[in-house]
Amino acid sequence: MAPMIVRRVLPDEMSAVSALRETAYRADGLLKANPDYVQALRDLGTDGHGEVLVAADGDQLLGTIMFEPWHDHSEIARGADEAEVRAFAVAPQARGRGVGKLLVEALVERAREEGVSQVLLLTLPDMVSAQYVYRARGFERFAERDWEPIPGVRLMAYRLTLKD
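Under full-length UniProt numbering, the residues of the sequence shown are numbered 1 to 164, in order.
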(Lines of atoms letter the chains of each structure in order from A and count residues from 1; the text may use other names and numbers.)
(Lines give C-alpha, C1' and ligand atoms only; values in the text may rest on other atoms or scores of the structure.)
Protein backbone atom coordinates (compact mmCIF):
# COMPACT_ATOMS: atom_id res chain seq x y z
CA MET A 1 0.00 0.00 0.00
CA ALA A 2 1.34 3.43 -0.99
CA PRO A 3 1.85 5.93 1.83
CA MET A 4 -0.52 8.87 2.09
CA ILE A 5 1.02 11.96 0.50
CA VAL A 6 0.05 15.61 0.14
CA ARG A 7 0.66 17.17 -3.26
CA ARG A 8 -0.72 19.74 -5.66
CA VAL A 9 -3.94 18.76 -7.35
CA LEU A 10 -3.63 17.47 -10.90
CA PRO A 11 -5.71 19.35 -13.51
CA ASP A 12 -7.91 16.32 -14.20
CA GLU A 13 -8.66 15.93 -10.46
CA MET A 14 -10.43 19.27 -9.89
CA SER A 15 -13.91 17.84 -10.47
CA ALA A 16 -13.18 15.07 -7.94
CA VAL A 17 -11.88 17.70 -5.48
CA SER A 18 -15.07 19.75 -5.95
CA ALA A 19 -17.19 16.67 -5.26
CA LEU A 20 -15.09 15.74 -2.20
CA ARG A 21 -15.54 19.24 -0.76
CA GLU A 22 -19.29 19.16 -1.26
CA THR A 23 -19.61 15.62 0.16
CA ALA A 24 -17.57 16.50 3.27
CA TYR A 25 -19.45 19.74 3.94
CA ARG A 26 -22.85 18.07 3.40
CA ALA A 27 -21.89 15.14 5.69
CA ASP A 28 -21.36 17.66 8.49
CA GLY A 29 -24.48 19.70 7.68
CA LEU A 30 -22.37 22.75 6.91
CA LEU A 31 -24.29 23.88 3.83
CA LYS A 32 -27.68 24.15 5.55
CA ALA A 33 -27.21 27.76 6.70
CA ASN A 34 -26.12 28.94 3.25
CA PRO A 35 -27.03 26.41 0.50
CA ASP A 36 -25.94 28.90 -2.17
CA TYR A 37 -22.32 28.52 -1.00
CA VAL A 38 -22.03 25.07 -2.60
CA GLN A 39 -21.09 26.43 -6.04
CA ALA A 40 -18.47 28.79 -4.62
CA LEU A 41 -17.05 25.91 -2.57
CA ARG A 42 -16.87 23.69 -5.66
CA ASP A 43 -15.24 26.45 -7.73
CA LEU A 44 -12.50 27.54 -5.30
CA GLY A 45 -9.11 27.24 -6.97
CA THR A 46 -10.44 27.12 -10.52
CA ASP A 47 -10.01 30.86 -11.13
CA GLY A 48 -6.23 31.01 -10.87
CA HIS A 49 -6.23 32.29 -7.28
CA GLY A 50 -4.71 29.92 -4.79
CA GLU A 51 -3.12 26.52 -4.85
CA VAL A 52 -5.19 23.41 -4.23
CA LEU A 53 -3.47 20.64 -2.30
CA VAL A 54 -4.77 17.10 -1.93
CA ALA A 55 -4.02 14.22 0.39
CA ALA A 56 -3.87 11.06 -1.68
CA ASP A 57 -3.46 7.37 -0.97
CA GLY A 58 -2.49 5.98 -4.35
CA ASP A 59 -5.16 7.28 -6.72
CA GLN A 60 -7.73 7.85 -3.95
CA LEU A 61 -8.24 11.45 -2.81
CA LEU A 62 -8.74 11.61 0.96
CA GLY A 63 -8.88 15.34 1.55
CA THR A 64 -8.09 18.78 0.23
CA ILE A 65 -7.09 22.26 1.34
CA MET A 66 -6.39 25.46 -0.54
CA PHE A 67 -3.56 27.92 0.04
CA GLU A 68 -4.61 31.37 -1.13
CA PRO A 69 -2.12 34.24 -0.98
CA TRP A 70 -3.60 37.70 -0.53
CA HIS A 71 -5.21 39.32 -3.58
CA ASP A 72 -7.71 42.14 -4.17
CA HIS A 73 -10.70 39.88 -3.49
CA SER A 74 -9.38 38.02 -0.43
CA GLU A 75 -12.01 37.30 2.21
CA ILE A 76 -9.88 37.83 5.31
CA ALA A 77 -6.25 38.51 4.29
CA ARG A 78 -5.48 42.21 4.18
CA GLY A 79 -1.98 42.42 2.72
CA ALA A 80 0.83 40.62 0.92
CA ASP A 81 2.23 39.28 4.22
CA GLU A 82 -0.97 37.28 4.80
CA ALA A 83 -2.48 34.20 3.17
CA GLU A 84 -5.71 32.28 3.65
CA VAL A 85 -6.75 28.69 4.24
CA ARG A 86 -9.77 27.86 2.07
CA ALA A 87 -11.93 24.82 1.31
CA PHE A 88 -10.48 22.45 3.93
CA ALA A 89 -12.26 19.12 3.61
CA VAL A 90 -11.60 15.50 4.52
CA ALA A 91 -13.67 12.73 2.94
CA PRO A 92 -15.98 11.22 5.58
CA GLN A 93 -14.54 7.72 5.06
CA ALA A 94 -10.96 9.03 5.55
CA ARG A 95 -11.49 10.78 8.88
CA GLY A 96 -9.47 9.71 11.89
CA ARG A 97 -6.38 8.89 9.79
CA GLY A 98 -4.50 12.17 10.28
CA VAL A 99 -5.45 13.50 6.85
CA GLY A 100 -6.47 16.92 8.18
CA LYS A 101 -3.27 17.30 10.15
CA LEU A 102 -1.13 16.47 7.09
CA LEU A 103 -3.06 18.93 4.90
CA VAL A 104 -2.78 21.79 7.39
CA GLU A 105 0.93 21.08 7.89
CA ALA A 106 1.53 21.12 4.11
CA LEU A 107 -0.34 24.42 3.81
CA VAL A 108 1.71 25.99 6.61
CA GLU A 109 4.87 24.83 4.84
CA ARG A 110 3.66 26.47 1.60
CA ALA A 111 3.04 29.69 3.53
CA ARG A 112 6.60 29.57 4.86
CA GLU A 113 7.94 29.02 1.34
CA GLU A 114 5.99 32.05 0.14
CA GLY A 115 7.31 34.16 3.02
CA VAL A 116 3.97 35.16 4.50
CA SER A 117 3.93 36.08 8.16
CA GLN A 118 0.32 35.16 8.96
CA VAL A 119 -2.02 32.42 7.81
CA LEU A 120 -5.69 33.24 8.34
CA LEU A 121 -8.93 31.35 7.98
CA LEU A 122 -12.64 31.59 8.54
CA THR A 123 -14.64 28.71 9.97
CA LEU A 124 -18.23 28.10 10.94
CA PRO A 125 -18.84 27.55 14.67
CA ASP A 126 -20.07 24.02 13.80
CA MET A 127 -16.72 23.05 12.21
CA VAL A 128 -15.50 21.64 15.51
CA SER A 129 -13.20 18.97 14.02
CA ALA A 130 -11.48 21.48 11.74
CA GLN A 131 -11.03 23.91 14.62
CA TYR A 132 -9.42 21.14 16.65
CA VAL A 133 -6.88 20.53 13.85
CA TYR A 134 -6.20 24.26 13.51
CA ARG A 135 -5.70 24.79 17.24
CA ALA A 136 -3.44 21.73 17.49
CA ARG A 137 -1.23 23.34 14.82
CA GLY A 138 -1.08 26.62 16.77
CA PHE A 139 -3.84 28.68 15.17
CA GLU A 140 -5.50 31.06 17.62
CA ARG A 141 -8.86 32.81 17.58
CA PHE A 142 -8.72 36.20 15.88
CA ALA A 143 -12.16 37.59 16.69
CA GLU A 144 -11.33 41.04 15.26
CA ARG A 145 -11.70 39.50 11.78
CA ASP A 146 -14.87 37.48 12.37
CA TRP A 147 -17.22 37.99 9.44
CA GLU A 148 -20.90 37.62 8.62
CA PRO A 149 -21.15 37.00 4.82
CA ILE A 150 -24.95 36.82 5.00
CA PRO A 151 -27.22 37.74 7.91
CA GLY A 152 -27.24 35.00 10.53
CA VAL A 153 -24.12 33.18 9.26
CA ARG A 154 -21.16 34.06 11.48
CA LEU A 155 -17.68 32.94 10.48
CA MET A 156 -15.01 32.76 13.16
CA ALA A 157 -11.50 33.91 12.25
CA TYR A 158 -8.31 32.12 13.28
CA ARG A 159 -4.69 33.01 12.57
CA LEU A 160 -1.28 31.44 12.78
CA THR A 161 1.69 33.76 13.08
CA LEU A 162 4.75 32.25 11.42
CA LYS A 163 8.13 32.85 12.97
CA ASP A 164 11.41 32.59 11.12
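By construction, the Cβ of each residue, glycine as well, lies at the ideal position given by its N, Cα and C atoms. What you are looking at is a predicted structure, and each value in this text was computed from that prediction instead of being measured.
*Using the C-alpha atoms, what's the distance from GLN93 back to ASP146?*
Indexing the sequence shown from 1 puts residue 146 at position 146. Indexing the sequence shown from 1 puts residue 93 at position 93. Rounded to the nearest angstrom, the two C-alpha atoms are 31 Å apart.
*asked:* Which residue wins for smallest C-alpha separation from LYS163, given the options GLY152, GLU148, ALA157, PHE139?
replied: Here residue 163 refers to the residue found at position 163 when the sequence shown is read from its first residue. Measuring C-alpha to C-alpha distances from LYS163 to each of GLY152, GLU148, ALA157, PHE139 identifies PHE139 as the nearest.
*asked:* Quick check for students: name the residue ranges of the beta strand (DSSP E) that lie wholly in the UniProt domain "N-acetyltransferase" (4–161), counting only runs of 3 or more.
replied: 5–8, 51–57, 60–69, 82–90, 118–123, 147–150, 153–161
*Using beta-carbon positions only, say whether ALA130 and PHE88 come within less than 8 Å of one another.*
Locating residue 130 in the sequence shown gives position 130, counting from the first residue. Locating residue 88 in the sequence shown gives position 88, counting from the first residue. Going by C-beta atoms, ALA130 is nearer than 8 Å to PHE88.
*Quick one: Cα of GLU114 to Cα of VAL108, how far?*
For this step, residue 114 is matched to residue 114 along the sequence shown. For this step, residue 108 is matched to residue 108 along the sequence shown. Looking at the two C-alpha atoms, the distance is approximately 10 Å.
*Pick out whichever of GLU144, GLN60, HIS71 has its Cα sitting closest to the Cα of VAL17.*
For the purposes of this step, residue 17 is identified with residue 17 of the sequence shown, where counting begins at 1. The candidate whose alpha carbon is nearest that of VAL17 is GLN60.
_Here's the rule: buried if 16 or more other CB atoms are within 10 angstroms of the residue's CB, otherwise exposed. What is TYR132?_
Here residue 132 refers to the residue found at position 132 when the sequence shown is read from its first residue. It is exposed - the Cβ of TYR132 has fewer than 16 other Cβ atoms within 10 Å.
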